[in-house]
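Peer 1:
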Amino acid sequence: MIVVHDLVRTALDEGRPVVAMESTIYSTLGLPVPHNAEALRRCKAAVEAGGAVPAVTAVVDGTWRVGLSQDEEQRVLEGTRKVAERDLAVAAAQRWDVGVTTVSASVALAHHAGIEVFATGGIGGVHRGAELSGDVSADLDALASHPVVTVCAGAKSFLDLARTLEHLETAGVPVLGWRHPDFPAFYVRSSGLPVPHVVETAQEVARVLRSRSRESTGVLLTVPIPEADELDPARHDAALTTALQAAQDAGITGAAVTPFVLDRVGRETEGGSVPANLALAENNASVAAQVAVALRSV
Ligand code: PSU
Ligand code: MN
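For the sequence shown, this note's numbering gives the first residue as 386, with consecutive numbering after it.
1) In this structure, does DSSP put histidine 565 in helix, strand or coil?
2) Please work out which residues of its chain come closer than 7 angstroms, Cβ to Cβ, to valine 683, disregarding the five sequence neighbours upstream and downstream, and give them in chain order.
3) Out of curiosity, what's the CA-to-CA distance linking arginine 548 and alanine 674?
4) By alpha-carbon positions, which one of Ala431, Leu544, Thr505 ends up nearest to glycine 519?
5) Does the distance between the C-beta of phenylalanine 568 and the nearest non-hydrogen atom of ligand 1 fall short of 7 angstroms?
6) Leucine 525 and glycine 506: beta carbons closer than 8 angstroms?
7) Would you say the beta carbon of aspartate 391 is closer than 7 angstroms to some non-hydrogen atom of ligand 1?
8) Grab me the residues of valine 642's own chain with a C-beta within less than 8 angstroms of its C-beta, minus the 5 sequence neighbours each way, in chain order.
9) Which term fits methionine 406, buried or exposed, when burial requires 16 or more other beta carbons within 10 angstroms of its beta carbon?
10) Where do the ends of the alpha helix (DSSP H) carrying threonine 627 lie?
11) Once you ignore the five residues that flank valine 732 on each side, which residues in its own chain have a CB closer than 8 angstroms to its CB?
12) Taking buried to mean at least 16 other C-beta atoms within 10 Å of its own C-beta, is valine 432 buried or exposed?
13) Can you give me the start and stop residues for the alpha helix (DSSP H) that arginine 394 sits inside?
14) Hey, is lysine 541 close to ligand 1, as in C-beta under 7 angstroms from one of its heavy atoms?
15) Is it buried or exposed, glutamate 653, if we count other Cβ atoms within 10 angstroms and call 16 or more buried?
16) Kindly examine ligand 2 and report whether one of its heavy atoms sits closer than 7 angstroms to the Cβ of aspartate 520.
17) Looking at the structure shown, is alanine 538 part of a helix, part of a strand, or coil, going by DSSP?
18) Grouping DSSP H, G and I as helix and E and B as strand, with all else coil, what is histidine 531?
19) Tell me, which residues are paired with valine 445 by DSSP?
20) On a CA-only basis, which of Ala434, Ala443, Ala529 is nearest glutamate 600? Give me that one, please.
21) Would you mind working out which of Ser454, Tyr411, Glu423, Val404 sits nearest aspartate 391, comparing C-alpha positions?
22) Indicate the three-state DSSP secondary structure (helix, strand or coil) for leucine 473 in the structure shown.
23) Buried or exposed: where does proline 439 fall if 16 or more other Cβ atoms within 10 Å of its Cβ makes it buried?
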């Protein structure tokens, strides 16, 4: 069922560092055209510059993919069907033409392929009002059930970040802050909530992965957006409030919530959020490569 691209297979066989990448962020569901293609190019280049091989995950022609050809990448950029971990089975059974993988599906595919490090932009989490809607991203449980280091810029503050951190604690996922004491809120460096542990080096992250008591559990490494690229917190909050209200007014629920809110925030900030999104994704890819390299020597 899983097809690992030749370049990725060879790297894994030779014990060279590999970084898995999700595909929802690079599709039309994550970033507007043409910034999605630029994001993919820059993130892959950042992984390569760090000495690792990039492996984009997706569903193509009804098969699970880890690493894509150029032609397949193009199809993924145009993808519109979101694949969370539970949807992997359906996408394969129904032979979906193209499916773009969220964090939950991507860590699952990384695990199946034998890849230990995965780079994304932001993870999904507990939505505000989840006590009524029950909307908790499958990303959180996937982090607890695949032994992979996920490198992210925290989660967007349209989520309930305090509850997101509580859920990760309950699920037993170590949360590490990369040279920063606070859980980052994607476009801004600090959510105001502390991370449980701060790490200073990629070697420390690698040693945490190697020291887990449960074999199934992953590790979440949160990397704040670089200072120069951070958005103004007030502007960012105003855009989120408007976007959340619009989602509620339009009766958006389920898997459609995140793409709807992302699109609306982009428009509310007149595209100002897009360069920030690219910068943090690229930075995460670079840190992920460092962790993949460090894992070779612990
Ligand atoms: N957050 C972002 N950009 C994204 C996503 C989240 O800033 O593109 C995507 C990721 O693929 C994440 C998914 O795994 O949304 C979460 O969706 P949901 O909330 O439906 O679980
Ligand atoms: Mn959801």
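Here a beta-carbon is modelled for each residue, glycine too, at the ideal position from N, C-alpha and C.
Note that the coordinates shown come from a computational prediction; the quantities given were computed from them, not determined experimentally.
Peer 2: Quick look at the numbers:
1) coil
2) Gln588, Ala591, Arg592, Arg595
3) 29 angstroms
4) Leu544
5) no
6) no
7) no
8) His512, Asp520, Ala632
9) buried
10) 618–634
11) Here the chain covers residues 386 to 683 and nothing more, so residue 732 does not appear.
12) buried
13) 391–398
14) yes
15) buried
16) yes
17) coil
18) coil
19) Thr448, Val483
20) Ala529
21) Ser454
22) helix
23) buried
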